[in-house]
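Quick notes on the structure that follows.
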Amino acid sequence: MSGKPSLPSTELIEVAISGDNMLFVKRSEAFQVGNQITITGTGFSGHKERAVVKAIDGNEIMLDSQLGFSYRPGAEVAVEAIKVTEALTDAPTPSPTAVPTESPTAAPTEAPLTDPPTGTSLTDTTTSKTTTTYTTTTLTATSITTVF
Numbered sequence: 001m002s003g004k005p006s007l008p009s010t011e012l013i014e015v016a017i018s019g020d021n022m023l024f025v026k027r028s029e030a031f032q033v034g035n036q037i038t039i040t041g042t043g044f045s046g047h048k049e050r051a052v053v054k055a056i057d058g059n060e061i062m063l064d065s066q067l068g069f070s071y072r073p074g075a076e077v078a079v080e081a082i083k084v085t086e087a088l089t090d091a092p093t094p095s096p097t098a099v100p101t102e103s104p105t106a107a108p109t110e111a112p113l114t115d116p117p118t119g120t121s122l123t124d125t126t127t128s129k130t131t132t133t134y135t136t137t138t139l140t141a142t143s144i145t146t147v148f
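Mapped onto the UniProt record's numbering, the consecutive letters of the sequence shown carry residue numbers 1 to 148.
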């Protein structure tokens, strides 16, 4: 025993000819639209091909493509992969979240930069008077601010 669950299977009840896209099967109730199925021939040919169930009407299974081989009644039709179509919980679907976008770059602004005053002091020895001369330098710089 492999421990894997078995997937549904049935068999053809009518001949399926190469080029057909319809299968007539014994039981179709376990098949669902979207299932990937395998058709396996009987006898020496042992042809095997895959297709996807496009529609089901009673015991007729319509395929998404034409058969590449012909099959006799009794050929196995088995589900190979099940398409999951329903959510496993009743949780609400999350809303899409906003993605931050880059804001436009702000226009350059000019800001004056001023060095602190520097001075030179001279003292007149005859009058004991001190004279200080100050020099101030002003620079203009351009700064660019980018907002993310």
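Beta carbons: idealized from backbone N, C-alpha and C, even for Gly.
Alpha-carbon spacing of residue i relative to residue j, whole angstroms
i, j, result
"A75", "A51", "15 Å"
"F44", "G58", "30 Å"
"A30", "S9", "8 Å"
"L63", "G41", "17 Å"
"G46", "I82", "24 Å"
"A16", "N35", "19 Å"
"V53", "I39", "12 Å"
Cβ separation of residue i and residue j, assumed to be a contact under 8 Å, to the nearest whole Å
i, j, result
"V25", "V77", "5 Å"
"L23", "I61", "5 Å"
"V79", "I37", "6 Å"
Chain-order list of residues whose beta-carbon lies under 7 Å from that of residue i (same chain, five-residue window excluded)
i, result
"G68", "S18, E49"
Beta-carbon contacts of residue i that lie in its chain and below 6 Å, excluding the five residues immediately before and after
i, result
"R27", "T10"
"S70", "I17, S18"
Nonlocal neighbours in the same chain, by C-beta distance under 8 Å from residue i, ignoring five residues either side
i, result
"Q66", "S18, G19, D20, N21"
"R72", "L12, V15, G41, T42, G43"
"S6", "none"
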